[in-house]
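In the working numbering, the protein residues as written are 53 to 219. Glycine included, each C-beta is placed from N, C-alpha and C at the ideal position. For reference, the structure discussed in these notes is given below.
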């Protein structure tokens with residue numbers, strides 16, 4: 053598996069970030085998007101991240117190849133929630149199931165306090181057992197369930213909210 057390198061994403065990474073994101077859509081396991089998104093449509097999302105408060109990291113293997121990305125996104129957009137973020141982790145198709153998610157989640161947890169983050173949230177489909185298992189193995193707890201709120205190809209799915217206090 054090897055050591056991973058995390059670096060702040062630059063605008064030149066956005067196309068690759070979107071490509072990795074789009075690779076998850078067809079599985080109907082990770083995102084509620086049902087069609088590929090464009091680089092242009094993700095520009096504001098990219099701009100909302102910044103290295104000093106809401107990082108978007110590109111994850112590279114020891115050879116310098118991008119294998120995925122991770123981000124912290126503000127929760128609910130209100131000042132009182134400033135110390136709470138949603139964590140997102142996305143891996144290239146061929147990198148999934150190889151233990152990289154564990155390394156990335158550990159990095160995110162370890163680095164959260166540097167950004168004034170006290171609470172991490174994961175929004176995970178109820179049927180996405182691999183991701184639920186990963187987050188729970190790091191001490192994330194079930195904080196809520198929104199039953200049957202996502203309609204993917206005529207099938208309804210629930211959403212779990214998992215949370216972890218850091219400080």
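Counting only beta-carbon atoms, is residue i nearer than 9 Å to chain C?
i, result
"residue 127", "The displayed structure is made up of one protein chain only, and chain C is not part of it."
Which stretch, first to last residue, makes up the beta strand (DSSP E) that contains residue i?
i, result
"residue 201", "193 to 204"
"residue 175", "171 to 177"
What's the gap between the Cα of residue i and the Cα of residue j?
i, j, result
"residue 112", "residue 75", "17 Å"
"residue 163", "residue 85", "28 Å"
"residue 205", "residue 145", "21 Å"
"residue 121", "residue 155", "12 Å"
"residue 195", "residue 208", "20 Å"
"residue 125", "residue 71", "19 Å"
"residue 173", "residue 97", "18 Å"
"residue 58", "residue 200", "35 Å"
"residue 219", "residue 166", "11 Å"
"residue 63", "residue 210", "33 Å"
"residue 147", "residue 153", "9 Å"
"residue 116", "residue 67", "17 Å"
Only counting the same chain, and skipping five residues up and downstream in sequence, which positions put a Cβ closer than 7 Å to that of residue i?
i, result
"residue 135", "168, 169, 170 and 171"
"residue 89", "70, 73 and 74"
"residue 110", "59, 61, 65, 118 and 121"
"residue 55", "114"
"residue 142", "72, 73, 76, 120 and 121"
"residue 212", "176, 178, 184, 194 and 197"
Which residue's Cα is closest to the Cα of residue i: the options?
i, options, result
"residue 87", "96, 77, 81 and 94", "77"
"residue 183", "140, 60, 119 and 132", "140"
"residue 192", "137, 202, 66 and 215", "215"
"residue 198", "107, 55, 80 and 177", "177"
"residue 203", "179, 186 and 219", "179"
"residue 102", "61, 152 and 128", "61"
"residue 138", "92, 149 and 105", "105"
"residue 217", "68, 99, 63 and 160", "160"
"residue 151", "186, 68 and 99", "186"
For the alpha helix (DSSP H) containing residue i, list its first residue and its last residue.
i, result
"residue 96", "95 to 99"
"residue 208", "From DSSP, residue 208 is part of no alpha helix (DSSP H) but of the beta strand (DSSP E) over 207 to 217."
"residue 190", "Counting along the chain, residue 190 falls outside any alpha helix (DSSP H), and DSSP gives it neither H nor E."
Keeping to the same chain, check which residues put their C-beta closer than 8 Å to that of residue i; ignore five residues upstream and five downstream.
i, result
"residue 132", "none"
"residue 100", "106, 125 and 126"
"residue 149", "182"
Give me, in chain order, the residues of the same chain whose beta-carbon lies closer than 6 Å to that of residue i; leave out the 5 immediate sequence neighbours on both sides.
i, result
"residue 157", "190"
"residue 82", "76"
"residue 80", "204"
Going residue by residue through the segment 101 to 165, where are the continuous alpha helix (DSSP H) segments of at least 4 residues, counting only ones entirely within it? 152 to 163
Mind listing, in chain order, the continuous beta strand (DSSP E) runs of no fewer than 3 residues lying wholly within the segment 54 to 96? For the segment 54 to 96, whole beta strand (DSSP E) runs of length 3 or above, ordered along the chain, are 57 to 60.
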